[in-house]
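Student: Handing you a structure now.
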Amino acid sequence: MGTYFGPDLREERPQKSVLQRLAEGLPLYNSKQLNGSQMKTVEVERVYYHVLRKADQSVIVKLPWLQQFFHGNLPIPAQNSTASYPQFPDLFPPQLHPHSRFRNRYRTIESIVFINNPDLFYIKPEDVLRFKRLTGLENFLLDRDGARFHTSVQEDESNGEFPTPRSSRGSQRTRHLNDILNPKDHLQHVNDVNPVNSPPYNGIPLTYSCMAPLPAEVDTRLVQGFEPGMIFLPSYPTMEEWEDISTATKSGTALTGSAAMGQIGPVIGLVDIGECEDSYLFRVSLPGVKRDEREFSCEVENDGKVLIRGVTTAGEKTVYRYSQVFEMQSRNLCPPGHFSISFKLPGPVNPQQFSGNFGTDGILEGIVMKGKHRN
1 MGTYFGPDLR EERPQKSVLQ RLAEGLPLYN SKQLNGSQMK TVEVERVYYH
51 VLRKADQSVI VKLPWLQQFF HGNLPIPAQN STASYPQFPD LFPPQLHPHS
101 RFRNRYRTIE SIVFINNPDL FYIKPEDVLR FKRLTGLENF LLDRDGARFH
151 TSVQEDESNG EFPTPRSSRG SQRTRHLNDI LNPKDHLQHV NDVNPVNSPP
201 YNGIPLTYSC MAPLPAEVDT RLVQGFEPGM IFLPSYPTME EWEDISTATK
251 SGTALTGSAA MGQIGPVIGL VDIGECEDSY LFRVSLPGVK RDEREFSCEV
301 ENDGKVLIRG VTTAGEKTVY RYSQVFEMQS RNLCPPGHFS ISFKLPGPVN
351 PQQFSGNFGT DGILEGIVMK GKHRN
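Numbers 1 to 375, taken from my numbering, label the letters of the sequence shown in order.
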């Protein structure tokens, strides 16, 4: 693991494995230096089994034990109790590389990168020979795609429970993003809170905002005088209907949950989109949104769709600060609760080349490389 994986640092090129960094005596990095990327845990597992695909079964760790290794819980045999074998949290500290789960479908590890052709200057020649003898490989070079998509490990889609990491402080996963934001119920509580100073309603609001200039071929005379507005639906739409409505808005933004409950337009969810020759940039206003990775996610799909899920903390009726209690006289911010925001970039993208940063200023900024257009 320490030879083929390293931290995904913003300014480190070429990227170095964690063991190479230790051999060079490089200082420990901090969270601001990391890219914030996400790698599926199953891809890391596949690399391990790809490396050992020719090895004898006696030297291969079974998947349940490998998963214990990821969380620092792999037992050390009694005969080796005095030895010091680094486990995954020792190589990649959980406070810098937290484990999480997206949409209750797949587990991820934050800010690590796969290095398919690692530098070996620091490895003793006898250790290189031992590696070749155990694995049956001629060298350390791996096919990047062949390793990450090795088929002996299937993607885990279980209930999302994570073991408690041995060396983690504050990174336990007893409550997960998708336990809170399960797709089947992420619209469930939209009607629970009425907008401030507005009559009661029973519909689900869909906000449409003109975020980008109209395409050149569109006759602007047809839309003169149009302003951002809200559509109220008489009943709960199905997920398919919701997707159809969102897609029909083209450059609009669909908000659900507390994000759609602002007094005058969406208090959160305002989007700016930029474009250069090879990538797109987007910025989303998310004031009052928790930055905890366990309750916040940003996913980018191949077709350019961006889906953000999180929890708002502002807008509460009573605010406790230190020893003081404040009863709010006005409540114009989004009420506290779960929300989702979705919008679409102008074209297809490569989700594997996405990096994002959610700053303390409440602005989420993401950059994603453009993908190839399909004929």
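We put the beta carbon where it would ideally sit given N, CA and C, even for glycine. Note that the coordinates shown come from a computational prediction; the quantities given were computed from them, not determined experimentally.
Which first and last residues belong to the alpha helix (DSSP H) in which residue 132 is found?
Tutor: Residues 125–135.
Student: Pull up the distance between the alpha-carbon of residue 309 and that of residue 298, whole angstroms please.
Tutor: Those two C-alpha atoms are separated by around 7 Å.
Student: Using DSSP with H/G/I as helix, E/B as strand and the rest coil, what is residue 341?
Tutor: The answer is strand: DSSP assigns residue 341 an E or B state.
Student: Assign residue 58 to one of three DSSP states: helix, strand, or coil.
Tutor: Residue state, collapsed to three classes: helix.
Student: At what residues does the beta strand (DSSP E) containing residue 320 begin and finish?
Tutor: Element bounds for residue 320: 318–321.
Student: So what's residue 109 in DSSP terms, helix, strand or just coil?
Tutor: Looking at residue 109 - three-state DSSP - the assignment turns out to be strand.
Student: Output the distance between the C-alpha atoms of residue 67 and residue 58, rounded to the nearest integer angstrom.
Tutor: Cα to Cα, the separation comes out at about 18 Å.
Student: For residue 56 and residue 42, I'd like the C-alpha separation in whole angstroms.
Tutor: Approximately 22 Å between the Cα atoms of the pair.
Student: Grab me the residues of residue 202's own chain with a C-beta within less than 6 Å of its C-beta, minus the 5 sequence neighbours each way, in chain order.
Tutor: Note that residue 202 scores 35 on pLDDT, short of 50, meaning its location in the model is unreliable and no value can be drawn from it.
Student: With three or more beta-carbon pairs closer than 8 Å as the criterion, would you say the region 108–121 touches the region 4–14?
Tutor: Flag = yes, the region 108–121 and the region 4–14 touch.
Student: How is the beta strand (DSSP E) around residue 324 delimited, first residue to last?
Tutor: Its beta strand (DSSP E) spans residues 324–327.
Student: Determine the direct distance from the alpha carbon of residue 96 to that of residue 90, and round the result to whole angstroms.
Tutor: Their Cα atoms are separated by approximately 11 Å.
Student: I'd like to know whether the C-beta atoms of residue 283 and residue 366 end up nearer to each other than 9 Å.
Tutor: It is a contact, given that the beta carbons lie within the stated cut-off.
Student: Classify residue 242: buried if its beta carbon has 16 or more other beta carbons within 10 angstroms, exposed otherwise.
Tutor: When all chains shown are included, residue 242 counts as buried.
Student: On the three-pair Cβ rule with 8 Å, is the region 337–355 touching the region 28–45?
Tutor: Short answer: they touch.
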